[in-house]
Each structure stands twice: as structure tokens, then as C-alpha cells.
Amino acid sequence: MYYESDAVSFEYDEDDDASDSFSFETEDDDAALSQAKPLYYTSNGTTDDNARTSTFNNVWYRPWTLQEFVQVHFLDKMEKLKQDHLPNCSVDELLIMLQYKKWQSEEVINDYFDSRERLYKNSGLPLDGKSKNTFTVIQDFSCYVCCETYPSTTVYSLTCGHQFCISCYYHYVTHEISNSKLITCIDPECTLSIPHKDIDEIFATYEAKVSAVKVRKPLSLNPLLISSAKLFIDSHNTYKWCPATDCNHFTELLGTPKEAEEGEHLKESKSTDISQVSIIGCPDHHEFCFDCNYENHLPCPCWVVKLWIKKCEDDSETANWIDANTNACPKCQASIEKNGGCNHMTCRKCRFEFCWICLGDWIHHNNSYYSCNKFKEDKENGGNETSKRKYKSKLSLQKYLHFYKRFAIHESSMKGDLKTLSQVNEVTRLYMEARKEHEHNLSWNDIQFLPDAIKSLANGRKTLKWTYCFAYYLADSNFSEIFESNQDYLNKTVEDLSEIFESIVSKKNTNKVGTILKNKNKIINLSDLISSRRKTLISSAEVNLKEGLLSFSSE
Amino acid sequence: MAALPKRIIKETERLVSDPVPGITAIPKEDNLRHFEVFIDGPSSSPYAGGHFSLELFLPDDYPMCAPKVRFLTKIYHPNIDKLGRICLDVLKDNWSPALQIRTILLSIQALLGAPNPDDPLANDVAEDWKKDEKKAIETAQSWTKQYASAKLQE
């Protein structure tokens, strides 16, 4: 009964909260990915203390949280506009004008001095600059929109005086916010805009009605500003959202758009120069590739990743399986799988009797029921076209399954590691509580090695996972053996560390804190080892690809 | 099913007790958010004499979002496509929670009286309309007679 009346719709990330994933993350600890280097120049020519550079290939980037972005791009801009040009305008007015002009300060200034009246009218501000927006508690109020009569409720109205209940305003604003545009008075004839501050007040008042606690949030968390920031990020190709699960952060690629275009060009070709892959990080230190917006997939180049994902998604392997394991009935072409028994086949469909091996009529196999001479001949001649192809698809399926299995195992282990991480987090909390009771005298710093180790474990797994995709496409050579031995080393270290963590959180372990402390040196060593082996693996792959010692087989 | 909001109850009551001339809207028994609607073509338009059937649905977040309305009767109109979808500002960007089912249906009736081929939904119809308005109006009249005459629906 439900249908769409319009094809146009916009999707937005619903997740708004800027919660940090784990409480004990430290600020600049992701040494594998980045070193904080201040004083990079951003695209708008200002220095940016938050710029970082990736050690993989010296990409400049700036990790952002939504709140920071709103502060820098919207609120600071507004402050500057107020100080330098329009000191007589209120914060509300400036934000509304900026929002109306899509955050282009220049345009606001031009329009303001061109015709203040027109700018005010178009952006929905009262012309005399005196806003009479009010939140009042009214007795016996009947709201025109919800048709409810309230014995007592908060009512909001703009300068126009059109009153609607707070509940209707809350739902109205919630519904309109995703358009990232100014929100006007509910009355359809009225064009006055609701100031950002009032939106916060509407939310706070409504939520206080429900939860009895009135929470005031900073303007940098204003839902309209956050929604506008999201739109801005979505529509600018120098920003990318972090692809990690439940991560709301994003990253800006610094540098001129021209460079970005050239980079684009490089990615088009099947370049094997993996130093060109732009691996960047988000404020939570999740590493990801700027170009394909996928997690850090080194040592694979982007195009190999694309091939692999497509291969894993589509059913080309199903086709290969059918090709390798079934024969078409030579008479009616029905697909037949032989799941046992001798080679004397009878098609269930057309009752044709044939030999499974040579697919010839069974009549010609008079005396040799259990061996097909023709097959031997074929072998001597190197096989006919069909059997060659079958053999090839069987091999290719086996090869794919071999690598895919390992790829998938590491992917699922990664999820397991994340679970372990949250458990270790809990153990750490218990440890801190115990410390308060003076059971042992170790400081917080003494267990800071844990989150670092978990992170390097997760990164090690990520790299390992992608080495299987890499290996699948790798052409055989002497150097592929070197790659494989690097892979083995990394694999072993990762498994060792993972085992220690599992023993810590295992149910049988009654002294979890003790186990952590006992294994402290081991954990630190292993996590360092993972980081260095990971680097070795990637850089040796990079060098060998560059020198043509490793190459990808064409698929 | 969740209880019907007071707003919808009130609107329904008024639509039944005080109907707009030329428009009827009656909720279906099995779903009170789903209305069966009939709109008479405005007398001065090519749709005069037509009795058009529509369906109207009030989504969960009504009145924060517009009702969904669609023509069920075939109609030759530049702003209504062959699936019966309607291109009308108040059904999309210009919707306001202070508008009602009644006002929306009136707007649709007005759209029948004033086709706007410059903002088309059915491109082919709009082109015909702009090329040869007289012929387009004749087609609209003949479609009205063929598909929307009151007798057919009884």
C-alpha cells in the first residue's frame, strides 16, 4: 500500500555521537602509520598543526572529528567574520547568513554591503535585527499541528509569533535537519529561519521533558551544523569517511587538487608501485586507503583489491566449480555431477548412456568397463581441449579457495581480536580499581603497553589478510618465496601474540592481571616484532615490485 | 497497530463531516492511514466532467513529512506521469506540518486547472503540450472521457 512519490532521496549517516571507541587510547601512538609533523600548509594556505604524514608514502593528511570540523570551518569562520567585518551582527544572525550562503564568508560580506535588507530577507532574519524568538510555558495550549490540547507546555515561536508546541517543533526539526538547510517557521507562509542556538534549545527542552535532565551541548555539536558538515564532506572529494565499523571520523587529504588528479590518473593504470597507495588514518588511528576508501590493504595495490573483492562477491567461482565438477550430457546438455560410482553414466533426463571420462557413447566401451582407453590416449596427446580447460578451472578454484580461506580466517580473527580488546579493557579497569585499594603499586603507565599491543596485533592481521589476496595474484618466481617467508614470519608473530591475549581473557584464568604483568615483556617484544615484520614485508614487496622481481599474473 | 495520532483523527473527522466540494477522501477500514480519494476535474479545465480516483497514504512521520498521493485513474497531464505520480511542490520541498490532507487535495485539484508544462514530470506529455497546446487539451479531454467518466466507475 506504500509507494514512493518521488525518486529523489538523500541518505545520511544516522550516527551522530562522537563517542570515542576505547577509553585508553593515547594521542599520538600510532607510530606505524604516522608521525605528527606540525606546520604543513593546507589547501587554504594556513598552517595546520594537526596535519600528519604517512610513513608508508609521505601522504599529507589531516584526521578530523565532526566536532573539530564544525569548530574550525563553521564557528571559527563566524567569529572571524564578526571580528573583522560585521561586529554589529549577533552570533545567531551570522550563523544563519553563513549557512544561507553555504559558509562562504566573502559572499556574506558582499551581499551584506550590497543590500543588507535583501540578505536578511532571503536568509529568513527579521529585518530590524530584533529577533523576538521565545520559549514560553503556556497553560491550556492547543497546537495547530498535532491537534493536542496541553494543560501546560513549552511553546516556541519566532519573531512572527506563530506558536507551536515544543514536541511538534522537535519532531519537525529532527525531520528537516538532514537537508542541511536552514529550517523555517512551521507556518508554510512564513520564511523566518530558526537560529542554531534555538535548535539546541528545542532539543534540550524536549529531551528534558522526556528524561527530566536538561543537557546543554556546545554549539560545535549543534545538529544542524553537524549535518551541514556531513554534507560538506560528502560533496568534497578531498575528504573521506573512515571505513572502520562504527567510526564517525574522517580524513582530509592535504595538497592541491591538481596533485589529487594526477594521483587519480596513476590509479587508473595497473601500477605496481605500491608506494603510490595513499594510506591515511582517522583520529582513532584506523588506517585506510584514501583512493578506494577501503581499510589499509598493503601490500596490495588498489586495482588488485578491486579485482579480489569483485572475485569474492560475484559467482565466477560457482561457474568455475560447475565447470570443474560437472559434465554436460553429450546428448541433451543437462549438467551432471558425478558423486560416486563407475564411469558408466545414464543421463536422468534423456537416458543417454555415456562414458564420464571421454563423454563418448557407452556402446563403444564394450569390453573395458572400468577403464577408458580413450582417456589414456588423451593423456598421451596432452588431453583434449575440454579436459584441459576442466583441469585448469579445477586448479584455479583450488588456488582461489586456498587463499580465500586464509584471507577469511584472518578477517574473522580480526573480529575476535576486537572482542579480546574489549575484554582486556575490562581487565584493565579491574586492575585500576585494585590499584586504588593498594593491592599493588603499579601506575597507569605500566599497562599502557596493552592498547598499543592490541593495535599492532590488529594491524598485523590486516596486513596478513591482504597478503593472501596479494599472493593469489602473484606470478610464481624465486622472489615470491621470499615474500612467502616474510608472510610466515609475520603470521607466526601475530599468532603468538594473539595466543597470549587469549590466555589472559580465558575463563579458566583466575589471575588475569597477574598474567598480563607476567607476560609484559613478551607482549611488548612481540608487538614490536609485528610492527617491524609488517614494515619489512611491505617495503620488500614494494621494492621487488618496483624492480620487476615480483609481478602480478594476468587474470 | 499503533494508536492513530489525534491529528489524523481530527483531520479524518473533518474530511467526512465537512467535505470539500468536488473532493471526497475516505479512510480504508483495514488501514486508517490509507485513504481512497476522488477528485472532480475543475469545470474550466480539460478534465471537466472527470471523476478521478487517487490513493493517499499518511506515512509514520506524518505530519512531519508530506502524505504520499498518487493518481489511480489514467490522466493526460504534464505534471502527472503514467504511474500516477504527481509533481507538486507542496508534496515535496514545500511541505509544512501546518498543511493538511484537505489543503493538499485542493492543491492537486488546482494543478488540474493549471497544468505547468515548464516543470514537467511526464516529459512526452509536456512536449506535446508546448508544441500544440490545442491538440494536447483535446487529448486530455478524450482521456478524461475514456478513463475518468463518472459512469465508468459506478
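Order-wise, the sequence lines are chains A and B.
Residues in the first sequence are numbered consecutively from 159, following the numbering used here.
Residues in the second sequence are numbered consecutively from 850, following the numbering used here.
No residue lacks a Cβ here, since even glycine has one placed at the ideal position from N, Cα and C.
With a 10 Å radius around its C-beta and 16 neighbouring C-beta atoms as the bar for buried, classify leucine 340/A as buried or exposed.
Leucine 340/A comes out buried.
What does the alpha-carbon distance come out to for the pair serine 336/A and leucine 648/A?
The straight-line gap from Cα to Cα measures roughly 45 angstroms.
Please name the residue in Lys288/A, Tyr328/A, Asn280/A whose C-alpha comes closest to that of methionine 913/B.
Looking at the Cα atoms, Tyr328/A is the closest of the given residues.
Suppose you measure from the CA of valine 432/A to the CA of lysine 464/A; what does that come to, to the nearest Å?
The identity of residue 432/A in the sequence shown is isoleucine, whereas the question assumes valine. The alpha-carbon atoms of isoleucine 432/A and lysine 464/A are separated by roughly 14 angstroms.
Tell me the start and end of each unbroken alpha helix (DSSP H) in the segment 922-979 of chain B that is at least 4 residues and wholly inside, in chain order.
With a minimum length of 4 residues, the continuous alpha helix (DSSP H) runs that stay inside the segment 922-979 of chain B are 950-962.
Please compile the residues from chain B whose C-beta is within a distance smaller than 7 angstroms of the C-beta of serine 404/A.
What sits at residue 404/A in the sequence shown is aspartate, not serine. In chain order: nothing, as chain B lies at least about 26 angstroms away.
Measure the CB-CB distance between leucine 708/A and phenylalanine 607/A and report whether it falls below 9 angstroms.
The answer is no: Cβ separation not under 9 angstroms.
Give a yes or no on whether the minimum CB-CB distance between proline 927/B and chain A is below 9 angstroms.
For proline 927/B, the answer is no, since every Cβ of chain A falls outside 9 angstroms of its Cβ.
Give every residue of the same chain whose Cβ lies closer than 8 angstroms to the Cβ of alanine 362/A, excluding the five residues on either side of it in the sequence, and list them in chain order.
These residues qualify, in order along the chain: Lys372, Val373, Arg374, Lys375.
What is the C-beta distance between lysine 235/A and serine 263/A, in whole angstroms, given that I count them as a contact (C-beta under 8 angstroms)?
At roughly 6 angstroms, the Cβ-Cβ gap stays under 8 angstroms, so lysine 235/A and serine 263/A are in contact.
May I ask you to list, following chain order, the residues of the segment 346-371 of chain A that have a beta carbon less than 8 angstroms from some beta carbon of chain B?
Of all residues in the segment 346-371 of chain A, Pro346 have a Cβ within less than 8 angstroms of some Cβ in chain B.
Taking DSSP as the reference, what is the three-state secondary structure of glycine 672/A?
Residue state, collapsed to three classes: helix.
Just to confirm before moving on: does the CB-CB distance between phenylalanine 446/A and proline 401/A stay below 9 angstroms?
Their beta carbons are under 9 angstroms apart, which means phenylalanine 446/A touches proline 401/A by this criterion.
Mind checking the segment 299-316 of chain A against chain B and listing, in chain order, the residues whose C-beta falls within less than 8 angstroms of any C-beta there?
Listed by position along the chain: Tyr302, Val303, Cys304, Cys305, Glu306.
Ignore the nearest five residues each way along the sequence and tell me which others in cysteine 348/A's own chain have a CB closer than 7 angstroms to its CB.
So the list reads Cys318, His320, Thr342, once near-sequence residues are dropped.
Between leucine 864/B and chain A, is the shortest Cβ-Cβ distance under 9 angstroms, so that the two count as touching?
Closer than 9 angstroms: no.
Taking just the CA atoms, how far does glycine 706/A sit from lysine 428/A?
Approximately 14 angstroms between the Cα atoms of the pair.
Going by DSSP, what residue range makes up the alpha helix (DSSP H) through isoleucine 681/A?
Residues 678-704.
Note the first and the last residue of the continuous beta strand (DSSP E) segment covering tyrosine 397/A.
Element bounds for tyrosine 397/A: 397-399.
Within the 9 angstroms Cβ cut-off, does alanine 971/B reach chain A?
With 9 angstroms as the cut-off, alanine 971/B does not count as an interface residue toward chain A.
Measuring straight from C-alpha to C-alpha, what distance separates threonine 204/A and leucine 412/A?
Annotation note: pLDDT 46 at threonine 204/A (below 50); position unreliable, coordinate value reported separately. For threonine 204/A and leucine 412/A, the distance between alpha carbons rounds to 11 angstroms.
Restricting to Cα atoms, I'd like to know which of Phe293/A, Leu622/A, Asn683/A is closest to asparagine 454/A.
Ranking the options by Cα distance to asparagine 454/A, first place goes to Leu622/A.
Chain B partners of cysteine 326/A, CB-CB under 9 angstroms?
Within chain B, the residues near cysteine 326/A are Pro912, Met913, Pro946.
Just the chain A side, please: which residues come within less than 9 angstroms of lysine 984/B by C-beta, in chain order?
Within 9 angstroms Cβ-Cβ: nothing; lysine 984/B doesn't reach chain A, min ~29 angstroms.
Measuring CB to CB, does proline 927/B end up less than 9 angstroms from proline 964/B?
A contact, by the Cβ cut-off of 9 angstroms.
Span of the beta strand (DSSP E) holding serine 300/A?
Serine 300/A -> beta strand (DSSP E) spans 292-300.
Count the CB pairs spanning the segment 228-243 of chain A and the segment 376-395 of chain A that are closer than 8 angstroms, and state whether there are at least three.
The segment 228-243 of chain A vs the segment 376-395 of chain A: in contact.
Counting pairs of Cβ atoms below 8 angstroms between the segment 578-589 of chain A and the segment 625-640 of chain A, do you hit three or more?
They do not touch, by the three-pair rule.
Mind checking if tyrosine 397/A is an interface residue toward chain B, Cβ cutoff 9 angstroms exclusive?
Not closer than 9 angstroms to any Cβ of chain B, the Cβ of tyrosine 397/A fails to qualify, so no.
Check the Cβ-Cβ distances between threonine 625/A and every residue of chain B, and say whether any is below 9 angstroms.
No, threonine 625/A lies away from the interface with chain B (no Cβ there is under 9 angstroms from its Cβ).
Can you list the alpha helix (DSSP H) stretches of 4 or more residues lying completely in the segment 272-357 of chain A, in chain order?
Here the runs fully enclosed are 274-281, 324-334.
State yes or no: is the C-beta of glutamate 885/B within less than 9 angstroms of the C-beta of glutamate 862/B?
No.
From the DSSP output, read off the bridge partner residues of alanine 874/B.
For alanine 874/B, which the question treats as bridged, DSSP gives the partners Val886/B.
Give the C-beta separation of proline 284/A and glutamine 297/A to the nearest angstrom, bearing in mind that I take them to be a contact with Cβ-Cβ under 8 angstroms.
No, proline 284/A and glutamine 297/A are not in contact; Cβ-Cβ is about 27 angstroms, not under 8 angstroms.
Can we say the segment 962-980 of chain B touches the segment 924-938 of chain B, given the rule of at least three CB pairs closer than 8 angstroms?
Short answer: they touch.
Within the same chain, show all residues whose beta-carbon is closer than 7 angstroms to that of leucine 224/A, passing over the 5 residues directly before and after it, in chain order.
Counting only Cβ-Cβ distances below 7 angstroms, and skipping sequence neighbours, we find Ala176, Ile384, Ala387, Asn406.
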